[in-house]
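Below you'll find the structure, written out as structure tokens, and then a few comments.
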Amino acid sequence: MDKKRVYTFGNGQAEGKADMKNLLGGKGANLAEMNLIGVPVPPGFTITTEVCTEYYQLGQEKVVALLQKEVEQAIANVEVLMKSKFGDIENPLLVSVRSGARASMPGMMDTILNLGLNDEVVEGLTRKTGNARFAWDSYRRFVQMYGDVVLGMKPTNKEDIDPFEAIIEEVKHARGVKLDNQLEVEDLKELVKRFKAAVTAQTGKDFPTDAYEQLWGAICSVFNSWMNERAILYRKMEGIPSEWGTAVSVQAMVFGNMGETSATGVCFSRDAGTGEDIFNGEYLINAQGEDVVAGIRTPQQITKEGSQRWAILAGVTEDVRLAKFPSMEEAMPEIYKQLDQLQTKLESHYRDMQDMEFTVQEGKLWFLQTRNGKRTGAAMVKIAMDLLRQGVIDEKTALLRVEPNKLDELLHPVFDNKALKKATVLTRGLPASPGAATGQIVFFADDAAAWSAGGAKVIMVRIETSPEDLAGMAAAQGILTARGGMTSHAAVVARGMGKCCVSGAGALNIDYKARTVEIDGVVLNEGDYISLNGSTGEIYQGKVETKAAELSGDFAELMQLADKYTRLKVRTNADTPHDAEIARKFGAVGIGLCRTEHMFFDGEKIKAMREMILAENVEDRRKALAKILPYQQEDFMGIFRAMAGFPVTVRLLDPPLHEFVPHDVKGQQDMADMMGVTLQQIQRRVESLCEHNPMLGHRGCRLGNTYPEITQMQTRAILGAAVALKKEGVKTIPEIMVPLTGILYEFKEQETIIRKEAADLFAELGDSVEFSVGTMIEIPRAALTADRIASSAEFFSFGTNDLTQMTFGYSRDDIASFLPIYLEKKILKVDPFQVLDQKGVGQLIRMATEKGRSIRPDLKCGICGEHGGEPSSVKFCHKVGLNYVSCSPFRVPIARLAAAQAAIED
Numbered sequence: 008m009d010k011k012r013v014y015t016f017g018n019g020q021a022e023g024k025a026d027m028k029n030l031l032g033g034k035g036a037n038l039a040e041m042n043l044i045g046v047p048v049p050p051g052f053t054i055t056t057e058v059c060t061e062y063y064q065l066g067q068e069k070v071v072a073l074l075q076k077e078v079e080q081a082i083a084n085v086e087v088l089m090k091s092k093f094g095d096i097e098n099p100l101l102v103s104v105r106s107g108a109r110a111s112m113p114g115m116m117d118t119i120l121n122l123g124l125n126d127e128v129v130e131g132l133t134r135k136t137g138n139a140r141f142a143w144d145s146y147r148r149f150v151q152m153y154g155d156v157v158l159g160m161k162p163t164n165k166e167d168i169d170p171f172e173a174i175i176e177e178v179k180h181a182r183g184v185k186l187d188n189q190l191e192v193e194d195l196k197e198l199v200k201r202f203k204a205a206v207t208a209q210t211g212k213d214f215p216t217d218a219y220e221q222l223w224g225a226i227c228s229v230f231n232s233w234m235n236e237r238a239i240l241y242r243k244m245e246g247i248p249s250e251w252g253t254a255v256s257v258q259a260m261v262f263g264n265m266g267e268t269s270a271t272g273v274c275f276s277r278d279a280g281t282g283e284d285i286f287n288g289e290y291l292i293n294a295q296g297e298d299v300v301a302g303i304r305t306p307q308q309i310t311k312e313g314s315q316r317w318a319i320l321a322g323v324t325e326d327v328r329l330a331k332f333p334s335m336e337e338a339m340p341e342i343y344k345q346l347d348q349l350q351t352k353l354e355s356h357y358r359d360m361q362d363m364e365f366t367v368q369e370g371k372l373w374f375l376q377t378r379n380g381k382r383t384g385a386a387m388v389k390i391a392m393d394l395l396r397q398g399v400i401d402e403k404t405a406l407l408r409v410e411p412n413k414l415d416e417l418l419h420p421v422f423d424n425k426a427l428k429k430a431t432v433l434t435r436g437l438p439a440s441p442g443a444a445t446g447q448i449v450f451f452a453d454d455a456a457a458w459s460a461g462g463a464k465v466i467m468v469r470i471e472t473s474p475e476d477l478a479g480m481a482a483a484q485g486i487l488t489a490r491g492g493m494t495s496h497a498a499v500v501a502r503g504m505g506k507c508c509v510s511g512a513g514a515l516n517i518d519y520k521a522r523t524v525e526i527d528g529v530v531l532n533e534g535d536y537i538s539l540n541g542s543t544g545e546i547y548q549g550k551v552e553t554k555a556a557e558l559s560g561d562f563a564e565l566m567q568l569a570d571k572y573t574r575l576k577v578r579t580n581a582d583t584p585h586d587a588e589i590a591r592k593f594g595a596v597g598i599g600l601c602r603t604e605h606m607f608f609d610g611e612k613i614k615a616m617r618e619m620i621l622a623e624n625v626e627d628r629r630k631a632l633a634k635i636l637p638y639q640q641e642d643f644m645g646i647f648r649a650m651a652g653f654p655v656t657v658r659l660l661d662p663p664l665h666e667f668v669p670h671d672v673k674g675q676q677d678m679a680d681m682m683g684v685t686l687q688q689i690q691r692r693v694e695s696l697c698e699h700n701p702m703l704g705h706r707g708c709r710l711g712n713t714y715p716e717i718t719q720m721q722t723r724a725i726l727g728a729a730v731a732l733k734k735e736g737v738k739t740i741p742e743i744m745v746p747l748t749g750i751l752y753e754f755k756e757q758e759t760i761i762r763k764e765a766a767d768l769f770a771e772l773g774d775s776v777e778f779s780v781g782t783m784i785e786i787p788r789a790a791l792t793a794d795r796i797a798s799s800a801e802f803f804s805f806g807t808n809d810l811t812q813m814t815f816g817y818s819r820d821d822i823a824s825f826l827p828i829y830l831e832k833k834i835l836k837v838d839p840f841q842v843l844d845q846k847g848v849g850q851l852i853r854m855a856t857e858k859g860r861s862i863r864p865d866l867k868c869g870i871c872g873e874h875g876g877e878p879s880s881v882k883f884c885h886k887v888g889l890n891y892v893s894c895s896p897f898r899v900p901i902a903r904l905a906a907a908q909a910a911i912e913d
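First residue of the sequence shown: 8, per the numbering used here; consecutive thereafter.
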């Protein structure tokens, strides 16, 4: 028997259920589940994600042929349940066609409502309902959506508004009205006529009248939208594989635009921005679902409390709010009561915050969708911890609910309160997504991406955003819109990205052609600075200073919970006491990489370093190094003090010496003047230091073995600092790391120098400290001969940046020239410098750890490359039994959570 491609649902029954997301997509699986648990859902059917894969393999024609029989049977089933007929003039069944991937992708793919209408059916619908305005409003919406999605009616250039919106504006202007719902039946008929003429003029295609032709066009368009630009970009940002495909859900239409007893809305069982445990959402009377999320009409709040909060932000008095903008709780109390009961039921059933869409048709409530809601990082943490405290989920589930990378949002800077008091408030909108953002105004998505690529920080300012703006939203620091509510496209997508967003700032008058925005008489041009407070909705003129975020409240509790389960420790990469202190506040338990070369670039230090490089004999080198020694020792004292009681791994000098000398004539002349030598002498030495391939040249332990006096000086500085602090009562755990070992004897040579210098120093000082000597494993040969190296080395630290370079043979500095093509062609799935290559580099790490511990069972192993803060790489390190990962200070909480999740998933 041929495989099943269509799954039906309706009237409390369903062929699918919640755990079939991979096959039915999130929307299809949840529509089936809602049917099974007694939530009112219009009947329909879902075409599986597998068909999407077939669509791209076999083509449109073959897939339509494969589906035809099942789809026609499924439509017949809906006809029976709805007591109407698809394509019939007197008793028509209209349907919606929506996408639904297994991972939520809000607004990224296409939706079509009111499908099945034509010039005859609209008259039949008028006779059936006795409501001509509703019938023609539904028809104009259908022509508009179908024309856009299926027939490709788009603006011809970015400065133009949507061609359909342009026609609506013309008709509204001619009629002297402001809102779409103020148009009369004759106006709506005029819109349909003009829309169809515009479609034919721009696309060369007549609008289809046959219901099945419309349906197949819509289904295939949803499959096509899986590979549209914005969906591809969103998948890349969210790490969603393209082979998953999308399902298509076809549902009987229920209508929110049938008059004053009909409505449509979007609601959340908790606040998606802050995580507050408060039912919230927005609705519009006499409207269809797209009106709420598109942001064309600013919607009203569902709850009375939400409405009162909104009024304060919007500067609306209580009597005006009640008269013009009542909440659903006040305007439709019976429906609100049902809605509140059902949202509670759905959150209890799914045990997570729900994002729901609903329609009220002539006093009857229908649910069109529920899904685990997109949320900000702060909301993600709060919701997980609240659900834990409320006994809904256990500790392990709470930890697994938080995406480690989303914690990054909580570590972003916030506005400094002192700076806020001095800032000029231009206006206020809705606080759609929390955060602080400062940047230059841009009006178009492609400009936002281009400016950002050039290093500018931008705020994208739009009348309203659409899915086409995704690339610009991703590049911007923040998003500001003139229209739209808390559930508009801009708000939902910004929250999912963790971007600061202020929506519905009605005082904005945006002129795309002039590239200006006027706010209460203040005219701002593209490129001017503004600042957004996504937590209050305030918009400030110019730049506002920010300060570092702190670990507190639910975030701190989550981190404590993570520590309860984690086995893999998290250290930090830090070269200054300041970085070390930040990392300690974020819970780092040591330093896994302290790069000594970063200490050489300050004023007097670089001068002494250059003297050492210019020296022509050992004696002169020693003299120059003696000048550096007190600076180095002081630096180490600061770092050891900040990490008191925790291990600090100090890497000996690693980069080639040419990195410490200037390569431009002006810099070389300055150096010559400073050193009291000729420009020619400097140029000769710079030239002699130049290498064809410095990454594989005179660096790392090769430097220390050819110039042992460098290693001697650094050993003295490290251990001298530790002894000095011991006298102050500060406990230090120094770990001296030899970089770039490839051969056991390279390491042994350095170890001998270190241990002899340590013995001499301790004898001179009459005191000593415990220390260990280990190596960085960053050359494949070192990993292959790790058992030999472990006979001398007391610890291994995998330098995954260089190990990745040498394993792949890719230069990290030059990979950008081919990486985008490799990712596009799927030769590489991810950038191996961002996500650890587990099959190649990972196997070297596994092998080196096993070989090393076969000789030295207590061998301490960790990683200190950029991968140390990337969640999937951290989880791999847990699996292979490393002791710790080390990452930049602001990645420490991310690594701590990923380590806890790895232990739970183990």
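The C-beta atom is built at its ideal place from N, Cα and C for all residues, glycine as well.
On the three-pair Cβ rule with 8 Å, is the stretch 783–793 touching the stretch 803–821?
yes
Between the beta-carbon of G849 and the beta-carbon of F883, is there less than 7 Å?
yes
Mapping DSSP to helix, strand and coil, what is R522?
In this structure, DSSP gives R522 a state outside helix and strand, which the three-state scheme calls coil.
Tell me, to the nearest whole angstrom, how far the beta carbon of C868 is from that of S893; I am working on the premise that it is less than 8 Å.
Actually they are not in contact, since the Cβ atoms of C868 and S893 sit about 12 Å apart, beyond 8 Å.
According to DSSP, what are the bridge partners of F805?
I784, I870
On the criterion of 16 or more Cβ atoms from any shown chain inside 10 Å, does F825 qualify as buried, or is it exposed?
Around the beta carbon of F825, fewer than 16 other beta carbons lie within 10 angstroms, which makes this residue exposed.
Is L186 buried or exposed, if buried means 16 or more other CB atoms sit within 10 Å of its CB?
Exposed is the call here.
Using 8 Å for Cβ pairs, my map puts A651 next to V737. What's the rounded Cβ distance?
5 Å
Alpha carbon of M8 to alpha carbon of P50, nearest angstrom
Bear in mind that the predicted position of M8 carries a pLDDT of just 47, short of 50, making it too unreliable to give a figure here.
Could you check if I319 is buried or exposed, using at least 16 other CB atoms within 10 Å of its CB as the buried criterion?
Exposed: under 16 other Cβ atoms inside 10 Å.
Take the Cβ of R578 as the centre, count every other Cβ of all protein chains shown within 10 Å, and call the residue buried at 16 or more, exposed below.
buried
Can you tell me which residues form a DSSP beta bridge with R435?
According to DSSP, which records beta bridges pairwise, R435 is partnered with E545.
Under 7 Å between C-beta atoms of V257 and V104
yes
Would you kindly work out how many angstroms separate the C-alpha atoms of T748 and C601, rounded to a whole number?
Linking T748 to C601 through their CA atoms gives a straight-line distance of about 17 Å.
Buried or exposed: where does P5 fall if 16 or more other Cβ atoms within 10 Å of its Cβ makes it buried?
This structure cannot speak to residue 5, because the chain is shown only from 8 to 913.
Beta-carbon gap between L768 and R723 smaller than 7 Å
yes
Go ahead and label R358 buried or exposed: buried means 16 or more other beta carbons lie within 10 angstroms of its beta carbon, across all protein chains shown.
exposed
Paired residues, beta bridge with E364 - DSSP:
V273, Q376
Could you check what DSSP says for K554 in three-state terms: helix, strand or coil?
Three-state DSSP puts K554 in a strand.
Measure the C-alpha to C-alpha separation of L866 and M644 and round it to an integer number of angstroms.
27 Å
Just to confirm, are L732 and F647 a CB contact at a threshold of 7 Å?
yes
In angstroms with no decimal places, state the Cα-to-Cα distance between A443 and L394.
27 Å
Rounded to a whole number of angstroms, what is the C-alpha to C-alpha distance between A800 and D415?
35 Å
Does the beta-carbon distance from T488 to E289 come in below 7 Å?
no
Work out the CA separation of V206 and D454 for me, nearest whole Å.
29 Å
Start and end of the alpha helix (DSSP H) containing K11?
From DSSP, K11 is part of no alpha helix (DSSP H); its letter is neither H nor E.
Looking at the secondary structure, which residues open and close the alpha helix (DSSP H) in which R408 lies?
402–408
Output the distance between the C-alpha atoms of M244 and E611, rounded to the nearest integer angstrom.
44 Å
Which stretch, first to last residue, makes up the beta strand (DSSP E) that contains A443?
443–449
Option nearest R692 by Cα separation, candidates A765, E618, I743:
E618
Please say whether A793 and D858 have beta carbons closer to each other than 7 Å?
The sequence shown places Lys at residue 858, rather than the Asp named in the question. Result yes, Cβ atoms of K858 and A793 sit closer than 7 Å.
Is the distance from the Cβ of G479 to the Cβ of A460 below 7 Å?
no
By alpha-carbon positions, which one of I911, K836, L843 ends up nearest to I247?
The residue with the shortest Cα to Cα distance from I247 is K836.
Checking 7 Å against the spacing of the C-beta atoms, do Q295 and L100 come in under that value?
Against a cut-off of 7 Å, the Cβ pair of L100 and Q295 comes out as no contact.
Could you check if H670 is buried or exposed, using at least 16 other CB atoms within 10 Å of its CB as the buried criterion?
exposed
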